[in-house]
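Engineer:
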Amino acid sequence: MSTFMLKNKSQGFTPVSNVFIEKYMPQARGEFVKIYLLMLKHNISGELGVSSSILASSLNLLESDIMNALNYWNDQGAIKLTQIDKMGNFNVEFIDLVDEPVKPNNQVDLLEALDSSSTKDMLKDIETLLARPLSPNEMSIYLNWQREFGFSSELILILMEYCISKGKSDSRYIEKVALAWHDQKITNIEQAQNLIKKTEDKWLNIRKILTYLGINNTDIMKPQQDLIEKWLLIYKFPNEIILKACDVCFERLNRADFKYIDGILSNWNKNNIRTLEDIAIKDIKNNKNVKYQKSYNNSNTEKSPLKFNNFEAREYDYDSLEKKLLGWDNDD
1 MSTFMLKNKS
11 QGFTPVSNVF
21 IEKYMPQARG
31 EFVKIYLLML
41 KHNISGELGV
51 SSSILASSLN
61 LLESDIMNAL
71 NYWNDQGAIK
81 LTQIDKMGNF
91 NVEFIDLVDE
101 PVKPNNQVDL
111 LEALDSSSTK
121 DMLKDIETLL
131 ARPLSPNEMS
141 IYLNWQREFG
151 FSSELILILM
161 EYCISKGKSD
171 SRYIEKVALA
181 WHDQKITNIE
191 QAQNLIKKTE
201 DKWLNIRKIL
211 TYLGINNTDI
221 MKPQQDLIEK
231 WLLIYKFPNE
241 IILKACDVCF
251 ERLNRADFKY
261 IDGILSNWNK
271 NNIRTLEDIA
281 IKDIKNNKNV
291 KYQKSYNNSN
301 TEKSPLKFNN
311 FEAREYDYDS
321 LEKKLLGWDN
331 DD
């Protein structure tokens, strides 16, 4: 359970910015809007904080929905979400929303653009994919991709289909993907399909590893993703080697520990261990070394025989000794 501390101003009503209603609300998921409004109400009411369980119970949602919504509004710039500690507690500050006009240099003449049948068809297809009408601002963004990034209508539709297939339909996420494609110089359908396949293959491998570790959450934490990508993309280990390292971790710790698994794989990478056969050979050598060490220690701890046992025993003539002791040896 998380607790969210609010920087609040006590008022008897909940004012909602027109900028939020006109600019932010149309693009957001319904439950995200509900969470924003309820958090705003708690903030305005002068409360010091509210827990994720109370918010989730009030809206009949999951606590993970609350966290996803707050991350979304933080990314949109509607709130400032700051982590307080490692226990899942946050400061939430509502940002004064300002309706920033589009810069003249980036402004698109929508009326002129909509004269093109191909442009109209593209926008209609996007609306079909999103299952809602597009705002003028969204239309301008997609048309700017054509002008600034050199994206064709077909490429934009592929990008939209890819994002929506991943359950990501908010404009902020879609813009990030578009910028990433532009940075990677994706300019045609073939390049886009190759990139999507490469990305999907990577995530397929990531999902297999997470499932093997018993992690079935839809979202993965960034540190975990970074470690798995290091194993796959930097060390270039096949899945079977990564899963073997997971087995070793389970055997030793009886639980999944990403840092421990990373230590195993880093050691294997350093010693150029690339296959299951390499691991088996390494284990055999380690076992031999352990047996030799035990044997050596046991041999050194055995008691040495006493030194006087090494001397030869002397033989005595007891009759002659008796005569000497009694003085009989002097008699004739």
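With UniProt numbering as the guide, the letters of the sequence shown map in order to residues 1 to 332.
Virtual Cβ for every residue (Gly too), placed ideally from N, Cα, C.
#1: Contact between the stretch 251-264 and the stretch 224-242: three or more CB pairs below 8 Å?
#2: Quick one: give me the first and last residue of the alpha helix (DSSP H) that VAL177 is part of.
#3: Considering only C-alpha positions, which residue in the set TRP181, ASN287 and LEU40 is nearest to ASN194?
#4: Can you round the beta-carbon distance between LEU70 and LEU81 to whole angstroms, since I take them to be within the 8 Å contact cut?
#5: Helix, strand or coil for THR187, going by three-state DSSP, please let me know.
#6: Can you give the Cα-Cα distance for residue 345 and THR187, rounded to whole angstroms?
#7: Just checking my contact of ALA280 with LEU265 at CB under 8 Å: how many whole Å lie between their CB atoms?
#8: Quick one: what's ILE79 bridged to in DSSP?
#9: What residue range does the alpha helix (DSSP H) around SER165 cover?
#10: Grab the span of the alpha helix (DSSP H) containing VAL50 for me, first residue to last.
#11: Of the choices ALA192, SER117, TYR24 and PHE237, whose alpha-carbon is the least far from that of ILE273?
#12: Tell me the residue span of the alpha helix (DSSP H) that contains SER117.
#13: Distance check for VAL177 and PHE32, CA to CA, integer angstroms please.
#14: Evaluate the contact criterion for the stretch 138-157 versus the stretch 115-123: three or more CB pairs, one atom per stretch, below 8 Å.
#15: What residue does the alpha helix (DSSP H) around LEU243 start on, and which one ends it?
#16: Determine, using beta carbons only, whether GLU127 and SER171 come nearer to each other than 8 Å.
#17: Thinking C-beta only, is PRO26 closer than 8 Å to SER169?
Structural biologist: So, from the listed chains and residues:
#1: yes
#2: Numbered from 1 along the sequence shown, position 177 holds the residue referred to as residue 177. It spans 171-183 - the alpha helix (DSSP H) in which VAL177 sits, taken as one unbroken run.
#3: The residue you call residue 194 lines up with position 194 of the sequence shown. Answer by Cα proximity: TRP181.
#4: Position 70 of the sequence shown, counting from 1, holds the residue named residue 70. Position 81 of the sequence shown, counting from 1, holds the residue named residue 81. Right, the Cβ-Cβ distance comes to about 5 Å (below 8 Å), so this counts as a contact.
#5: Locating residue 187 in the sequence shown gives position 187, counting from the first residue. Reduced to three states, the DSSP call for THR187 is coil.
#6: Here the chain covers residues 1 to 332 and nothing more, so residue 345 does not appear.
#7: Numbered from 1 along the sequence shown, position 280 holds the residue referred to as residue 280. Numbered from 1 along the sequence shown, position 265 holds the residue referred to as residue 265. Actually they are not in contact, since the Cβ atoms of ALA280 and LEU265 sit about 17 Å apart, beyond 8 Å.
#8: As a working mapping, residue 79 is identified with position 79 in the sequence shown. PHE94.
#9: For this step, residue 165 is matched to residue 165 along the sequence shown. For SER165, the enclosing alpha helix (DSSP H) begins and ends at 153-165.
#10: In the sequence shown, the residue the question calls residue 50 occupies position 50. Careful: VAL50 lies outside any alpha helix (DSSP H), inside the beta strand (DSSP E) at 49-51.
#11: Here residue 273 is taken as the residue at index 273 of the sequence shown, counted from 1. If we check each option's Cα against that of ILE273, PHE237 comes out closest.
#12: In the sequence shown, counting from the first residue as 1, residue 117 sits at position 117. Here the alpha helix (DSSP H) through SER117 covers 117-130.
#13: Locating residue 32 in the sequence shown gives position 32, counting from the first residue. Locating residue 177 in the sequence shown gives position 177, counting from the first residue. Distance between the alpha carbons of PHE32 and VAL177: 21 Å.
#14: yes
#15: In the sequence shown, residue 243 corresponds to position 243, counting from 1. It spans 239-253 - the alpha helix (DSSP H) in which LEU243 sits, taken as one unbroken run.
#16: As a working note, residue 127 is residue 127 in the sequence shown. As a working note, residue 171 is residue 171 in the sequence shown. Taking 8 Å as the Cβ cut-off, GLU127 and SER171 do not qualify as a contacting pair.
#17: Looking up residue 169 in the sequence shown gives position 169. Looking up residue 26 in the sequence shown gives position 26. It is not a contact, given that the beta carbons lie outside the stated cut-off.
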